[in-house]
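Participant: First, the structure itself, so that you have it in front of you.
Numbering (the numbering used here), first residue to last: 4 to 148.
Here it is as structure tokens:
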């Protein structure tokens with residue numbers, strides 16, 4: 004009798020796991036796979052405002068609202084705000100939110116390129132998980148000073 008219930012149990016377990024996998028796939032597709040995808044899906048593309056490789060988007064919402072929305076969906080590794088805007092650092096991307104025409108302009112760029120461009124703003128504030136320590140010389144004995 005137990006041999007007839009085992010196939011049913013495995014059938015239900017596999018069905019449950021397939022359902023969970025489907026829900027996860029829907030969430031990933033709806034949300035995108037990166038902050039770059041999220042911004043692209045959420046805000047209006049503004050190619051005329053692009054700056055070199057920075058991709059620009061606009062919103063009618065204030066920078067504080069846009070920043071809260073982005074951070075709520077994608078937690079940044081680090082963030083910094085000053086009078087020029089809000090700088091959000093992710094593993095591979097940077098998102099900059101600035102005031103623009105009563106709303107916001109949202110700029111997305113590669114984090115390394117953005118660090119070089121906005122170093123005067125974020126240089127002493129963004130933490131780094133690796134690299135970017137070119138000016139740091141205190142690595143201990145045998146570090147090749």
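Yeah, the Cβ is synthetic: ideal placement off N, Cα and C, and Gly gets one too.
Taking the Cβ atom as the reference point for each residue, do residue 37 and residue 96 lie within a distance shorter than 8 angstroms?
Facilitator: Closer than 8 angstroms, so yes.
Participant: How is the alpha helix (DSSP H) around residue 59 delimited, first residue to last?
Facilitator: Looking at the DSSP string, residue 59 is not in any alpha helix (DSSP H); the run it does join, the beta strand (DSSP E), is 58-62.
Participant: So residue 92 packs on residue 129, CB below 8 angstroms; how close in whole Å?
Facilitator: Going by Cβ atoms, the distance from residue 92 to residue 129 rounds to 5 angstroms, so yes, they are a contact pair.
Participant: Decide if residue 126 is buried, meaning its Cβ has at least 16 other Cβ atoms within 10 Å, or exposed.
Facilitator: Exposed, since its Cβ has fewer than 16 Cβ neighbours within 10 Å.
Participant: Report the three-state DSSP secondary structure of residue 71 (helix, strand or coil).
Facilitator: Note: residue 71 maps to helix in three-state DSSP.
Participant: Enumerate in chain order the residues of its own chain whose CB-to-CB distance from residue 47 is below 8 angstroms, with the five nearest sequence positions on each side excluded.
Facilitator: These residues qualify, in order along the chain: 60, 61 and 62.
Participant: Would you kindly work out how many angstroms separate the C-alpha atoms of residue 15 and residue 58, rounded to a whole number?
Facilitator: C-alpha separation (whole angstroms): 47 angstroms.
Participant: On the premise that residue 65 lies in contact with residue 107, defined as a C-beta separation below 8 angstroms, what is that separation, rounded to the nearest angstrom?
Facilitator: Right, the Cβ-Cβ distance comes to about 7 angstroms (below 8 angstroms), so this counts as a contact.
Participant: Would you say residue 111 and residue 98 are within 8 angstroms of each other, going by their C-beta atoms?
Facilitator: Closer than 8 angstroms, so yes.
Participant: Please report the Cβ distance between residue 90 and residue 121, rounded to the nearest whole angstrom; I am assuming they are in contact, meaning their Cβ atoms lie under 8 angstroms.
Facilitator: Confirmed, about 6 angstroms.
Participant: In the structure shown, what three-state DSSP assignment does residue 41 receive?
Facilitator: Reduced to three states, the DSSP call for residue 41 is helix.
Participant: Quick one: grab the DSSP three-state call for residue 36.
Facilitator: The answer is coil: DSSP assigns residue 36 none of H, G, I, E or B.
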